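Colleague:
Protein chains: 2
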Amino acid sequence: MRLILLGLGVVGRAFLEQLKIERRDLYESYGINPSIVAVANSKARIYNPEGIDTGSLIRYKEERGTLEGHPDEVDMESAGLVREIDAEVLVDVTPSNLTNGEPSLSYLKAALISGKHVITSNKGPLAWEMPALLEMFRNKGLKLLFSGAVGGGTPFLRFVKKCLSGERILSIRGVINGTSNYILNRMEEGLSFRIALEEARRLGYAEADPSADIDGWDSAAKLVILSNWAMDLGVTMNDVRVKGIRNVEISKELLFKGKTIRLIASADDSDLKVQPEEIDKSDPLAVSDALNAVSFTAEISGRHTLVGKGAGGRETAAALIRDLVELKMYMRGEKPC
Amino acid sequence: MRLILLGLGVVGRAFLEQLKIERRDLYESYGINPSIVAVANSKARIYNPEGIDTGSLIRYKEERGTLEGHPDEVDMESAGLVREIDAEVLVDVTPSNLTNGEPSLSYLKAALISGKHVITSNKGPLAWEMPALLEMFRNKGLKLLFSGAVGGGTPFLRFVKKCLSGERILSIRGVINGTSNYILNRMEEGLSFRIALEEARRLGYAEADPSADIDGWDSAAKLVILSNWAMDLGVTMNDVRVKGIRNVEISKELLFKGKTIRLIASADDSDLKVQPEEIDKSDPLAVSDALNAVSFTAEISGRHTLVGKGAGGRETAAALIRDLVELKMYMRGEKPC
Numbered sequence: 164m165r166l167i168l169l170g171l172g173v174v175g176r177a178f179l180e181q182l183k184i185e186r187r188d189l190y191e192s193y194g195i196n197p198s199i200v201a202v203a204n205s206k207a208r209i210y211n212p213e214g215i216d217t218g219s220l221i222r223y224k225e226e227r228g229t230l231e232g233h234p235d236e237v238d239m240e241s242a243g244l245v246r247e248i249d250a251e252v253l254v255d256v257t258p259s260n261l262t263n264g265e266p267s268l269s270y271l272k273a274a275l276i277s278g279k280h281v282i283t284s285n286k287g288p289l290a291w292e293m294p295a296l297l298e299m300f301r302n303k304g305l306k307l308l309f310s311g312a313v314g315g316g317t318p319f320l321r322f323v324k325k326c327l328s329g330e331r332i333l334s335i336r337g338v339i340n341g342t343s344n345y346i347l348n349r350m351e352e353g354l355s356f357r358i359a360l361e362e363a364r365r366l367g368y369a370e371a372d373p374s375a376d377i378d379g380w381d382s383a384a385k386l387v388i389l390s391n392w393a394m395d396l397g398v399t400m401n402d403v404r405v406k407g408i409r410n411v412e413i414s415k416e417l418l419f420k421g422k423t424i425r426l427i428a429s430a431d432d433s434d435l436k437v438q439p440e441e442i443d444k445s446d447p448l449a450v451s452d453a454l455n456a457v458s459f460t461a462e463i464s465g466r467h468t469l470v471g472k473g474a475g476g477r478e479t480a481a482a483l484i485r486d487l488v489e490l491k492m493y494m495r496g497e498k499p500c
Numbered sequence: 164m165r166l167i168l169l170g171l172g173v174v175g176r177a178f179l180e181q182l183k184i185e186r187r188d189l190y191e192s193y194g195i196n197p198s199i200v201a202v203a204n205s206k207a208r209i210y211n212p213e214g215i216d217t218g219s220l221i222r223y224k225e226e227r228g229t230l231e232g233h234p235d236e237v238d239m240e241s242a243g244l245v246r247e248i249d250a251e252v253l254v255d256v257t258p259s260n261l262t263n264g265e266p267s268l269s270y271l272k273a274a275l276i277s278g279k280h281v282i283t284s285n286k287g288p289l290a291w292e293m294p295a296l297l298e299m300f301r302n303k304g305l306k307l308l309f310s311g312a313v314g315g316g317t318p319f320l321r322f323v324k325k326c327l328s329g330e331r332i333l334s335i336r337g338v339i340n341g342t343s344n345y346i347l348n349r350m351e352e353g354l355s356f357r358i359a360l361e362e363a364r365r366l367g368y369a370e371a372d373p374s375a376d377i378d379g380w381d382s383a384a385k386l387v388i389l390s391n392w393a394m395d396l397g398v399t400m401n402d403v404r405v406k407g408i409r410n411v412e413i414s415k416e417l418l419f420k421g422k423t424i425r426l427i428a429s430a431d432d433s434d435l436k437v438q439p440e441e442i443d444k445s446d447p448l449a450v451s452d453a454l455n456a457v458s459f460t461a462e463i464s465g466r467h468t469l470v471g472k473g474a475g476g477r478e479t480a481a482a483l484i485r486d487l488v489e490l491k492m493y494m495r496g497e498k499p500c
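These protein sequences, in sequence, are chains A and B.
Residues are numbered in our numbering as their position in the first sequence, beginning at 1, plus a constant of 163.
Residues are numbered in our numbering as their position in the second sequence, beginning at 1, plus a constant of 163.
#1: State the DSSP-derived secondary structure class of B:GLU240, mapped to helix, strand or coil.
#2: Tell me the rounded alpha-carbon separation between B:TYR223 and B:LEU230.
#3: Can you give me the start and stop residues for the beta strand (DSSP E) that B:LEU469 sits inside?
#4: Assuming A:ASP376 contacts A:ALA369 under a Cβ cut-off of 8 angstroms, what Cβ separation, rounded to an integer in Å, is found between them?
#5: Taking only three categories from DSSP, how would you classify B:SER445?
#6: With the cut-off set at 8 angstroms, would you say A:GLY379 and A:GLY407 are in Cβ contact?
#7: Does the beta-carbon of A:ARG321 have 16 or more other beta-carbons within 10 angstroms, so that it is buried, or is it exposed?
#8: Would you decide whether A:THR262 is buried or exposed? Buried here means 16 or more other CB atoms lie within 10 Å of its CB.
#9: Should A:GLY170 and A:ASP255 be called a contact, given that it needs their Cβ atoms to be closer than 8 angstroms?
#10: Take A:LEU179 and list the residues in its own chain whose beta-carbon comes closer than 6 angstroms to its own, dropping the five residues that flank it on each side.
#11: What is the rounded straight-line gap between the Cα of A:VAL437 and the Cα of A:ILE427?
#12: Buried or exposed: where does A:ASN348 fall if 16 or more other Cβ atoms within 10 Å of its Cβ makes it buried?
#13: Would you list, in chain order, the members of the stretch 305-326 of chain A that have their beta-carbon closer than 7 angstroms to a beta-carbon of chain B?
#14: Which residues, taken in chain order from the stretch 466-484 of chain B, show a beta carbon closer than 8 angstroms to some beta carbon of chain A?
#15: Which residues in the same chain have their Cβ closer than 7 angstroms to the Cβ of B:GLU251, if we skip the five residues on either side of it in sequence?
#16: If A:ARG485 and A:ALA177 are in contact, beta carbons under 8 angstroms, what's the gap, nearest whole angstrom?
#17: In whole angstroms, what is the alpha-carbon distance linking A:SER219 and A:GLY228?
#18: With 8 angstroms as the threshold, decide whether the Cβ of A:ILE463 is near any Cβ in chain C.
#19: List the DSSP bridge partners of B:SER429.
#20: Taking its Cβ as the centre, do 16 or more other Cβ atoms sit within 10 Å of A:LYS206, making it buried, or is it exposed?
#21: Would you mind working out which of B:SER374, B:SER429 and B:PRO373 sits nearest B:LEU386, comparing C-alpha positions?
#22: For the stretch 284-367 of chain B, which segments carrying the beta strand (DSSP E) assignment without a break, of at least 3 residues, lie completely within its bounds, in sequence order?
#23: Note down, in chain order, each residue of its chain lying with its Cβ closer than 8 angstroms to the Cβ of A:ALA461, except the 5 sequence neighbours on either side.
#24: Figure out for me which residue from A:ALA274, A:THR317 and A:ILE282 has the closest Cα to the Cα of A:LYS303.
#25: Could you work out which residue in A:LYS272, A:GLU240, A:TRP291 and A:ALA449 is closest to A:GLY264 when comparing CA atoms only?
#26: Strictly by DSSP, which residues pair up with B:TYR493?
#27: Which partner residues does A:ARG409 have in the DSSP bridge list?
#28: Indicate whether at least one CB of chain B lies closer than 8 angstroms to the CB of A:CYS500.
#29: Is it right to say B:ILE335 is buried, meaning 16 or more other beta carbons lie within 10 angstroms of its own, or is it exposed?
#30: Should B:SER451 be flagged as near chain A, meaning a C-beta pair shorter than 8 angstroms?
#31: Tell me which residues share the same chain as B:LEU360 and place their Cβ nearer than 8 angstroms to its Cβ, disregarding the 5 neighbours each side in the sequence.
#32: Suppose you measure from the CA of B:LEU289 to the CA of B:SER269; what does that come to, to the nearest Å?
#33: Under 8 angstroms Cβ to Cβ from A:LYS422, same chain only, skipping five residues before and after it: list those, please.
#34: Can you grab the Cα-Cα spacing for the pair B:VAL173 / A:ASN204, in whole Å?
#35: Under 7 angstroms between beta-carbons, which chain B residues line up against A:VAL488? List them in chain order, please.
#36: Among B:ASP381, B:GLU351, B:ASN344 and B:LEU168, which residue has its Cα nearest to the Cα of B:ALA363?
In structure tokens form, the structure reads like this:
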């Protein structure tokens with residue numbers, strides 16, 4: 164199975180590492196024998212039809228700080244690379260652009276045009292064009308898999324399809340941004356929003372521009388993906404009302420009443436929104452630290468809440484590998500499990 | 164598909180109700196056309212090879228308070244009924260006997276001898292003989308399914324197999340008895356153990372003999388099932404150290420430190436135990452009311468916690484129906500999903 168890997172950040176490197184660790188098991192259990200024929204990031208495109216020695220590629224990048232100048236570097240744009248070279252699968256782990264999904268959206272369309280399956284952890288294209296993308300991939304008999312786009316290694320998407328199958332999902336409520344949740348937890352302990360944000364930055368939770376996290380856009384993108392997946396709502400970012408946590412205060416009185424505030428993303432048949440909400444401290448969504456939690460309310464079996472780490476390179480890589488196994492089973496004509 | 168139903172309590176009646184509601188969908192989506200050919204409880208055995216009209220059977224029982232005297236009553240023991248009549252599936256929703264698994268264990272062996280698949284919500288036989296039972300059913304090409312035995316409608320078992328597949332489970336930690344959890348929550352609010360237990364009895368959470376719940380045996384049985392399933396430990400009730408909540412006190416000092424006490428069932432490679440443990444109030448296992456929660460720690464993707472209602476007739480019936488669908492797919496030679 165020939166793979167193109169776009170993105171060589173934390174998740175991309177963890178994916179290559181995990182492929183190496185699991186190589187033997189993937190072959191023996193599922194007949195998967197992956198060969199990375201191209202790797203690209205924003206700086207350089209590397210291509211070798213015989214398969215790239217990814218260990219030495221990583222060392223090259225670590226020693227020089229860039230992929231530029233690598234003997235297998237080719238003078239092509241990433242989208243052109245995806246379109247033109249022979250491979251079965253595009254693995255897209257480039258950073259999510261929540262404003263319009265580009266350039267990842269173009270990579271996915273290049274994969275579609277050239278008949279490649281896609282495994283992605285990039286939320287941008289799904290947030291903006293998920294209903295159309297799913298239909299286009301389906302029409303061409305191609306798989307578009309995105310377990311790693313929501314919840315890192317916590318299988319929120321898989322949980323709905325594999326564990327609640329046969330039941331209609333009535334609503335979704337979740338805490339799906341770890342950075343803002345960390346900040347709210349620190350504010351419970353008495354820190355101001357500004358100091359808590361500073362601390363989150365220092366610890367590497369928050370980006371230099373923290374807007375996607377604290378203004379609710381990252382949560383909104385994940386909510387779009389979750390609700391299209393679990394409730395077939397056919398929505399995009401435009402359908403979500405979004406309010407972040409910049410103006411939140413958590414008073415001692417509120418805490419004394421056994422309540423707190425979380426940034427809640429919620430969807431039902433008629434309404435999608437992200438906003439800070441008062442909830443009971445004993446609610447399963449009142450998670451600590453940078454944890455994520457999503458409650459799915461199913462028609463018969465009621466409310467189920469799944470809690471886990473919402474990010475992390477190794478965890479997200481585990482989700483990508485589960486998608487690789489699912490894809491292989493699809494390619495062999497088996498029902499994936 | 165001909166079914167024998169043993170047990171006509173809350174779960175049994177909810178199962179029949181749910182079968183009726185979903186009859187059309189079960190047929191159209193999965194080709195399942197269930198016919199209940201026998202129903203038995205501790206008082207009477209009802210048999211009709213053409214299929215029992217379960218609606219009128221339930222009305223008969225409600226009007227007279229017993230199944231005895233029903234026109235289709237037969238003079239056989241339940242185990243004999245299971246062994247001798249033509250049917251593909253035994254659905255066992257009799258009450259769990261955690262002392263030795265009987266008489267349900269005999270029903271399962273009768274099903275095995277006569278070549279019937281089993282769907283059960285009874286913990287007793289699994290707690291005492293799960294490794295041997297699974298092997299015997301497998302050797303005869305029969306399915307033994309028990310989604311409803313742990314967690315009611317919350318798919319703890321399914322979660323491990325369908326959502327964390329491919330990863331080794333390193334440990335399990337859970338709150339898996341709703342009654343004792345309700346009592347501990349009320350004790351946090353200042354009630355004594357004795358008063359909280361009284362209240363749980365009044366609300367119908369606790370049985371007249373509450374020992375299985377508060378002395379930890381119900382948790383131990385579920386822990387055996389969970390750890391055989393998720394970690395392949397090959398254990399029985401004899402391998403679990405059990406301590407209940409009769410002597411627990413929850414002090415104001417403990418609560419002030421942000422901690423509480425929960426009845427925790429835990430398993431790793433070397434140790435299975437049920438005991439009251441101090442945990443942080445912010446731990447995902449510190450669930451409120453009669454909720455259940457189980458954390459699975461997976462080798463790569465880390466700790467995942469699933470929270471839901473651990474009991475309830477309708478919820479458990481939903482689990483039994485999911486098993487019925489899984490069984491049908493197995494019978495058709497498909498990989499269940």
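Just so you know, even glycine gets a beta-carbon here, dropped at the ideal spot from N, CA and C.
Quick caveat, the model's predicted, so the values are computed rather than measured.
Modeller: So, from the data block:
#1: Within the second sequence, numbered from 1, the residue matching residue 240 of chain B stands at position 77. Assigned with DSSP and collapsed to three states, B:GLU240 falls in coil, not helix or strand.
#2: Against the second sequence, residue 223 of chain B aligns to sequence position 60. Against the second sequence, residue 230 of chain B aligns to sequence position 67. About 7 angstroms.
#3: The residue labelled residue 469 of chain B in the question sits at position 306 within the second sequence. According to the DSSP assignment, B:LEU469 belongs to the beta strand (DSSP E) that extends over 465-472.
#4: For the purposes of this step, residue 376 of chain A is identified with residue 213 of the first sequence, where counting begins at 1. For the purposes of this step, residue 369 of chain A is identified with residue 206 of the first sequence, where counting begins at 1. Contact holds; Cβ gap of about 6 angstroms.
#5: One-based indexing of the second sequence puts residue 445 of chain B at position 282. It is coil, neither helix nor strand.
#6: Residue mapping note: residue 379 of chain A aligns to position 216 of the first sequence, counting from 1. Residue mapping note: residue 407 of chain A aligns to position 244 of the first sequence, counting from 1. With respect to A:GLY407, A:GLY379 sits close: the two C-beta atoms are nearer than 8 angstroms.
#7: Within the first sequence, numbered from 1, the residue matching residue 321 of chain A stands at position 158. The residue in question, A:ARG321, is buried, as its Cβ has 16 or more Cβ neighbours within 10 Å.
#8: Within the first sequence, the letter at position 99 stands for residue 262 of chain A. When all chains shown are included, A:THR262 counts as exposed.
#9: Residue numbering aside, residue 170 of chain A sits at position 7 when the first sequence is read from its first letter. Residue numbering aside, residue 255 of chain A sits at position 92 when the first sequence is read from its first letter. Cβ distance < 8 angstroms, so A:GLY170 and A:ASP255 count as in contact.
#10: As a working mapping, residue 179 of chain A is identified with position 16 in the first sequence. Result list for A:LEU179: THR217, in chain order.
#11: For the purposes of this step, residue 437 of chain A is identified with residue 274 of the first sequence, where counting begins at 1. For the purposes of this step, residue 427 of chain A is identified with residue 264 of the first sequence, where counting begins at 1. Distance between the alpha carbons of A:VAL437 and A:ILE427: 6 angstroms.
#12: To locate residue 348 of chain A, count along the first sequence from 1; it is residue 185. By the Cβ neighbour-count rule, A:ASN348 is buried, with 16 or more other Cβ atoms within 10 Å of its own.
#13: Considering only beta carbons, the part of the stretch 305-326 of chain A lying closer than 7 angstroms to chain B consists of GLY316, THR317, PRO318, ARG321, PHE322, LYS325 and CYS326, in chain order.
#14: Answer in chain order: ARG466, HIS467, THR468, LEU469, VAL470, GLY471, LYS472, GLY475, ARG477, GLU478, ALA480, ALA481, ALA482 and ILE484.
#15: For the purposes of this step, residue 251 of chain B is taken as residue 88 along the second sequence, with counting starting at 1. When the five nearest sequence neighbours on each side are left out, the beta carbons in the same chain lying within less than 7 angstroms of the beta carbon of B:GLU251 are those of MET164, ARG165, LYS279 and HIS280, in order along the chain.
#16: Mapped onto the first sequence, residue 485 of chain A falls at position 322. Mapped onto the first sequence, residue 177 of chain A falls at position 14. Contact between A:ARG485 and A:ALA177 fails: their C-beta atoms lie close to 14 angstroms from each other, not under 8 angstroms.
#17: Start at 1 with the first residue of the first sequence, and residue 219 of chain A comes out as number 56. Start at 1 with the first residue of the first sequence, and residue 228 of chain A comes out as number 65. A direct Cα-Cα distance of roughly 13 angstroms separates A:SER219 from A:GLY228.
#18: Annotation note: the requested chain C is absent from the structure, which comprises protein chains A and B.
#19: Position 266 of the second sequence, counted from the first residue, corresponds to residue 429 of chain B. Paired residue(s): B:ARG336 and B:LYS436.
#20: Reading the first sequence from its first residue, position 43 is the one you call residue 206 of chain A. In summary, A:LYS206 is exposed, with fewer than 16 beta-carbon neighbours lying within 10 Å of its beta-carbon over all protein chains present.
#21: Locating residue 386 of chain B in the second sequence gives position 223, where the first residue counts as 1. When each option's Cα is compared against that of B:LEU386, the closest is B:SER429.
#22: Along the length of the stretch 284-367 of chain B, whole beta strand (DSSP E) runs at least 3 residues long occupy 332-338, reported in chain order.
#23: The residue labelled residue 461 of chain A in the question sits at position 298 within the first sequence. So the list reads LEU327, GLU330, ARG331, ILE332, LEU333 and HIS467, once near-sequence residues are dropped.
#24: Reading the first sequence from its first residue, position 140 is the one you call residue 303 of chain A. Proximity to A:LYS303 across A:ALA274, A:THR317 and A:ILE282 peaks at A:ALA274, based on C-alpha coordinates.
#25: If you number the first sequence from 1, residue 264 of chain A lands on position 101. Among A:LYS272, A:GLU240, A:TRP291 and A:ALA449, the Cα nearest to that of A:GLY264 is on A:TRP291.
#26: The sequence position of residue 493 of chain B within the second sequence is 330, counting from 1. Answer by DSSP bridge pairing: none, since B:TYR493 is not bridged.
#27: Walking along the first sequence from the start, residue 409 of chain A turns up at place 246. Beta-bridge annotation (DSSP): A:ARG409 is not paired with any residue.
#28: As a working note, residue 500 of chain A is residue 337 in the first sequence. Residue placement at A:CYS500 is poorly supported in this model, since its pLDDT is 44, which falls under 50; the coordinates still yield a value, given next. Chain B, which has a Cβ nearer than 8 angstroms to the Cβ of A:CYS500, makes this yes.
#29: Taking the second sequence and counting its residues from 1, the one referred to as residue 335 of chain B is at position 172. Of the other Cβ atoms in all chains shown, 16 or more fall within 10 Å of the Cβ of B:ILE335; this residue is therefore buried.
#30: For this step, residue 451 of chain B is matched to residue 288 along the second sequence. Yes, its Cβ sits closer than 8 angstroms to a Cβ of chain A.
#31: On the second sequence, position 197 is the one that residue 360 of chain B refers to. Closer than 8 angstroms at Cβ, skipping near neighbours: ILE346, ALA369, PRO373 and ILE377.
#32: Sequence index remark: in the second sequence, residue 289 of chain B carries index 126 (1-based). Sequence index remark: in the second sequence, residue 269 of chain B carries index 106 (1-based). For B:LEU289 and B:SER269, the distance between alpha carbons rounds to 12 angstroms.
#33: Against the first sequence, residue 422 of chain A aligns to sequence position 259. Beyond the five residues adjoining it in sequence on each side, A:LYS422 comes within less than 8 angstroms, by CB distance, of GLU441, ILE442, ASP443 and LYS444 in the same chain, given in chain order.
#34: Position 10 of the second sequence, counted from the start, is the residue given in the question as residue 173 of chain B. Position 41 of the first sequence, counted from the start, is the residue given in the question as residue 204 of chain A. B:VAL173 and A:ASN204: Cα-Cα distance of roughly 59 angstroms.
#35: The residue given as residue 488 of chain A occupies position 325 in the first sequence. For A:VAL488, the neighbours in chain B by C-beta distance under 7 angstroms run, in chain order, GLY329.
#36: Residue mapping note: residue 363 of chain B aligns to position 200 of the second sequence, counting from 1. Residue B:ASN344 is the option with its Cα nearest to B:ALA363.
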